[in-house]
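By the count of our numbering, the sequence shown reaches residue 250 at its end, each step adding exactly one. Positions of the beta carbon are idealized from the N, C-alpha and C atoms, including for glycine. Input: a single structure, listed below in structure tokens.
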Amino acid sequence: MQRYFTDVPINENNMVTITGEDAHHMIQVMRMSPDDQVYVVVEKMTYTMKIIEGTSKEVLLKVVEQQSNSNEMPIEVSIVCGLPKGDKLELITQKATELGMHTLYPFEAKRSIVKWNKEKNEKKLVRLQKIAKEAAEQSHRSKIPTIHSPINLNELLEISKRYDVKFVADEEDAKQEQRKKFAEQLKKVYDKKSILIVFGPEGGLDRSEVQVLLENDFQPISLGPRILRTETAPLYALAAISYEYE
């Protein structure tokens, strides 16, 4: 069944109205009609709903039942990703959402070739959030990850204070014979509720950035002996966390 998200609360008659692109998708793309059922996520709760009536601009739905199961990761995992080239950030947004990411922070790292112009790239942020929404619907999530505007190192340090566990993917650690195995580190944080992981852009993090992070309670992690691309590393880490926790 198709899944949709809405910010509109369910009314006293156990009904909700969906408008805009989602209404168009139901009626024009999926060719749905009255009595067809869909999943609708309202305030992080998932409901099976039946279409009462609708047009391509507005669809009225009635609650059939509330779903009790959750497809969310049992621990909140947020990704800090050094700004990559091209459309790699779109790929990371889409696939990391499917893998359970909670929040994405693009990071203006020293080695980031891409420079983010906040005024010109506002549309890019809207597009990334739309990609996250569509990926959350496709993967049957009950939450759409939040995609933030790019942050600098000082902002990253401030944000990191909110998290129980902080990791930084360090290429230098991966080159050592005695690497800090990610699986072993994950086994030590089962009692924690949130994880923040920092990944560098193409060329990796600058050593001065890594040093600052280590001085602020970040733990270095190795994602194996091979050096992964900037768009591959976050997905590898999320898959490893999912395997360990789910």
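If we call anything under 7 Å between Cβ atoms a contact, is residue i one with residue j?
i, j, result
"T52", "E69", "yes"
"L87", "P205", "yes"
"S146", "K48", "yes"
"V42", "Q71", "no"
"T101", "P154", "no"
"E16", "P38", "no"
"L190", "E248", "yes"
"K184", "P224", "yes"
Please determine, among the options, the residue with the shortest C-alpha to C-alpha distance to residue i.
i, options, result
"L209", "A237, K196, P229, K184", "A237"
"V45", "K170, V172, T10, E175", "T10"
"F111", "I245, S82, E138, K134", "S82"
"R166", "T107, K134, T21, K48", "T107"
"V292", "I135, D195, V20", "There is simply no residue 292 to check, as the chain begins at 5 and stops at 250 in what is shown."
"K61", "R7, Q215, V67, G24", "G24"
"P13", "M36, K66, R35", "K66"
"C85", "S246, R233, A243, E138", "R233"
"G228", "E219, L218, A113, Y240", "Y240"
"E159", "A243, V216, K127", "V216"
"R230", "G104, N121, L95, D174", "D174"
On the DSSP letters alone, give me the boundaries of the alpha helix (DSSP H) that residue i sits inside.
i, result
"Y249", "237-249"
"A27", "24-28"
"S164", "157-164"
"K134", "126-142"
"V216", "211-218"
"L190", "186-190"
Can you name the start and end residues of the beta strand (DSSP E) that residue i belongs to?
i, result
"K66", "62-70"
"S198", "198-203"
"Q223", "223-225"
"R7", "7-10"
"G58", "49-58"
"A298", "What is shown of the chain runs 5 to 250, which leaves residue 298 out entirely."
"V33", "No beta strand (DSSP E) contains V33, which DSSP labels as neither H nor E."
Would you please verify whether the beta carbon of residue i is less than 7 Å from any beta carbon of chain D?
i, result
"E57", "In the displayed structure, chain D is absent; only one protein chain is listed."
List the whole-angstrom C-beta distance separating residue i from residue j, where the pair is believed to meet the contact cut-off of C-beta under 8 Å.
i, j, result
"L129", "I151", "6 Å"
"K170", "D221", "6 Å"
"S212", "F186", "No, S212 and F186 are not in contact; Cβ-Cβ is about 24 Å, not under 8 Å."
Any chance the CB of residue i is under 6 Å from a heavy atom of the ligand MG?
i, result
"L132", "The ligand MG is absent from the structure shown, which contains no ligands of any kind."
Give, in chain order, every unbroken run of the alpha helix (DSSP H) that is at least 4 residues long and sits entirely within the segment 74-103. Those alpha helix (DSSP H) runs which fall completely within the segment 74-103 and span 4+ residues are 92-102.
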